[in-house]
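Peer 1:
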Amino acid sequence: EAGVTQFPSHSVIEKGQTVTLRCDPISGHDNLYWYRRVMGKEIKFLLHFVKESKQDESGMPNNRFLAERTGGTYSTLKVQPAELEDSGVYFCASSVGQGSYEQYFGPGTRLTVT
Amino acid sequence: GDSVTQMEGPVTLSEEAFLTINCTYTATGYPSLFWYVQYPGEGLQLLLKATKADDKGSNKGFEATYRKETTSFHLEKGSVQVSDSAVYFCALMNTGGFKTIFGAGTRLFVKA
Chain R
371 EAGVTQFPSH SVIEKGQTVT LRCDPISGHD NLYWYRRVMG KEIKFLLHFV KESKQDESGM
431 PNNRFLAERT GGTYSTLKVQ PAELEDSGVY FCASSVGQGS YEQYFGPGTR LTVT
Chain L
996 GDSVTQMEGP VTLSEEAFLT INCTYTATGY PSLFWYVQYP GEGLQLLLKA TKADDKGSNK
1056 GFEATYRKET TSFHLEKGSV QVSDSAVYFC ALMNTGGFKT IFGAGTRLFV KA
């Protein structure tokens, strides 16, 4: 069974540009999460989808970030326009259910904004 | 709000040394506690977990005991190997929750 995949693995963009990150969850997992780790600090929750609906987006830093999950399958996270402080590693995770269900994480996308 | 504090790294040990990585938490209710590991070039993997007080999670020689009285979940291994070199994250999830709260991570280097 394939795990959570993310694309690209690494992206380098200039300040002001747009970047779109993609996450493909494990097949059959209705729950999808985005997290990010900035500057070697703790990994922080960004948002949670249940199928195509946003369950909680309280961790989204500002309106330059837009997450979608059309059709309830893969998800994209767009940053527009990117700022220097957006640099970090963006992780995606998926789970069958909520609560005690294990969240399976992808390898992350390392975003560098110069 | 809920939070996790873990010891800063990096931690450098020789092979076969004893490992302890301290982790304490602040949470309302009765959270589940986790240790995740990220090996170089790979994603986060769940290493072990404990869902209630006094539970001991264990995997691959690593252990951690859920201590409610000290709000701690320290990670231990009796004899580390070079292949254990990775970043270790302590984390919690509250009852019925979906948001995992992570610590800052501790990088472990094991020398041959």
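Taken in order, these protein sequences are the chains called R and L. With my numbering, the residue at position 70 of the first sequence is 440, and numbering never jumps. With my numbering, the residue at position 74 of the second sequence is 1069, and numbering never jumps. Just so it is clear, CB atoms sit at the ideal spot from N, CA and C, and this is done for glycine as well.
Is there at least one non-hydrogen atom of the ligand FAD closer than 7 Å to the beta-carbon of residue 1087/L?
Peer 2: Among the components of this structure there are no ligands whatsoever, and the ligand FAD is therefore not found.
Peer 1: Shorter than 8 Å from the beta carbon of residue 1098/L to some beta carbon of chain R?
Peer 2: For the purposes of this step, residue 1098/L is taken as the residue at position 103 of the second sequence. Closer than 8 Å to some Cβ of chain R, the Cβ of residue 1098/L qualifies, so yes.
Peer 1: Quick check on residue 1105/L: buried or exposed, where buried means 16 or more other Cβ atoms within 10 Å of its Cβ?
Peer 2: The residue you call residue 1105/L lines up with position 110 of the second sequence. By the 10 Å Cβ count, residue 1105/L comes out buried.
Peer 1: If I'm right that residue 1068/L touches residue 1020/L with Cβ under 8 Å, what's the distance once you round it to whole angstroms?
Peer 2: Within the second sequence, numbered from 1, the residue matching residue 1068/L stands at position 73. Within the second sequence, numbered from 1, the residue matching residue 1020/L stands at position 25. The pair is a contact, with the Cβ atoms about 7 Å apart (cut-off 8 Å).
Peer 1: Need the endpoints of the beta strand (DSSP E) that residue 1055/L sits in, please.
Peer 2: As a working mapping, residue 1055/L is identified with position 60 in the second sequence. No beta strand (DSSP E) holds residue 1055/L; DSSP gives it neither H nor E.
Peer 1: Quick check on this structure: which residue in 1027/L, 999/L, 1013/L and 1017/L has the alpha carbon closest to the alpha carbon of residue 1049/L?
Peer 2: Here residue 1049/L refers to the residue found at position 54 of the second sequence. Cα-wise, what sits closest to residue 1049/L is 1027/L.
Peer 1: I need the DSSP call for residue 453/R, collapsed to helix, strand or coil.
Peer 2: Locating residue 453/R in the first sequence gives position 83, where the first residue counts as 1. In this structure, residue 453/R counts as coil in the three-state DSSP scheme.
Peer 1: Please determine, among 398/R, 383/R, 374/R and 372/R, the residue with the shortest C-alpha to C-alpha distance to residue 481/R.
Peer 2: Here the question's residue 481/R lines up with position 111 in the first sequence. Cα-wise, what sits closest to residue 481/R is 383/R.
Peer 1: Helix, strand or coil for residue 394/R per DSSP?
Peer 2: Numbered from its first residue, the first sequence carries residue 394/R at position 24. Correct three-state label for residue 394/R: strand.
Peer 1: Residue 426/R touches chain L at which residues, Cβ-Cβ below 8 Å?
Peer 2: Here residue 426/R refers to the residue found at position 56 when the first sequence is read from its first residue. Under the 8 Å cutoff, chain L gives 1093 and 1094.
Peer 1: My output table needs one value for residue 440/R: the three-state DSSP class, helix, strand or coil.
Peer 2: By 1-based counting over the first sequence, the position of residue 440/R is 70. In the structure shown, residue 440/R sits in a helix (DSSP, three-state: H, G or I).
Peer 1: With contact counted as at least three CB pairs below 8 Å, one residue from each stretch, are the segment 388-399 of chain R and the segment 438-458 of chain R in contact?
Peer 2: With a cut-off of 8 Å, the segment 438-458 of chain R and the segment 388-399 of chain R count as touching, because enough Cβ pairs lie within range.
Peer 1: What's the C-alpha gap between residue 1022/L and residue 998/L?
Peer 2: Mapped onto the second sequence, residue 1022/L falls at position 27. Mapped onto the second sequence, residue 998/L falls at position 3. C-alpha separation (whole angstroms): 7 Å.
Peer 1: Residues of the segment 1039-1065 of chain L in Cβ contact with chain R at a cutoff of 7 Å, in chain order, please.
Peer 2: Under the 7 Å Cβ criterion, the segment 1039-1065 of chain L contributes 1039, 1041 and 1046.
Peer 1: How would you write the range of the beta strand (DSSP E) that residue 426/R sits in, first residue to last?
Peer 2: Numbered from 1 along the first sequence, position 56 holds the residue referred to as residue 426/R. 423-426 is the extent of the beta strand (DSSP E) around residue 426/R.
Peer 1: How many whole angstroms separate the CB atoms of residue 464/R and residue 396/R, which I take to be in contact at a CB cut-off of 8 Å?
Peer 2: Mapped onto the first sequence, residue 464/R falls at position 94. Mapped onto the first sequence, residue 396/R falls at position 26. Indeed, because the Cβ distance is near 5 Å, the residues count as touching under 8 Å.
Peer 1: Using a C-beta to C-beta distance shorter than 8 Å, which residues of chain R count as neighbours of residue 1037/L?
Peer 2: Here residue 1037/L corresponds to residue number 42 of the second sequence, with the count starting at 1. Those within 8 Å of residue 1037/L in chain R are 477.
Peer 1: Look up residue 1078/L in the DSSP assignment and say whether it is helix, strand or coil.
Peer 2: In the second sequence, the residue the question calls residue 1078/L occupies position 83. Three-state DSSP puts residue 1078/L in a helix.
Peer 1: Spatial neighbours of residue 1074/L within its chain, please: CB distance less than 6 Å, with the 5 preceding and 5 following residues excluded, ordered by chain position.
Peer 2: Reading the second sequence from its first residue, position 79 is the one you call residue 1074/L. The residues are 1011.
Peer 1: Does any residue of chain L have a CB that is nearer than 8 Å to the CB of residue 435/R?
Peer 2: Position 65 of the first sequence, counting from 1, holds the residue named residue 435/R. It does not; no Cβ of chain L falls within 8 Å.
Peer 1: Apart from the five residues just before and just after residue 399/R, which ones in its own chain have a Cβ nearer than 7 Å to its Cβ?
Peer 2: Against the first sequence, residue 399/R aligns to sequence position 29. If we look at residue 399/R and ignore the five residues flanking it on each side, its Cβ neighbours are 464, 465 and 466.
Peer 1: Tell me, to the nearest whole angstrom, how far the beta carbon of residue 1072/L is from that of residue 1056/L; I am working on the premise that it is less than 8 Å.
Peer 2: Here residue 1072/L refers to the residue found at position 77 when the second sequence is read from its first residue. Here residue 1056/L refers to the residue found at position 61 when the second sequence is read from its first residue. 5 Å between Cβ atoms; contact.
Peer 1: Which residues in chain L sit within 9 Å of residue 419/R, going by Cβ to Cβ distance?
Peer 2: Position 49 of the first sequence holds residue 419/R. Chain L residues near residue 419/R: none, gap ~10 Å exceeds 9 Å.
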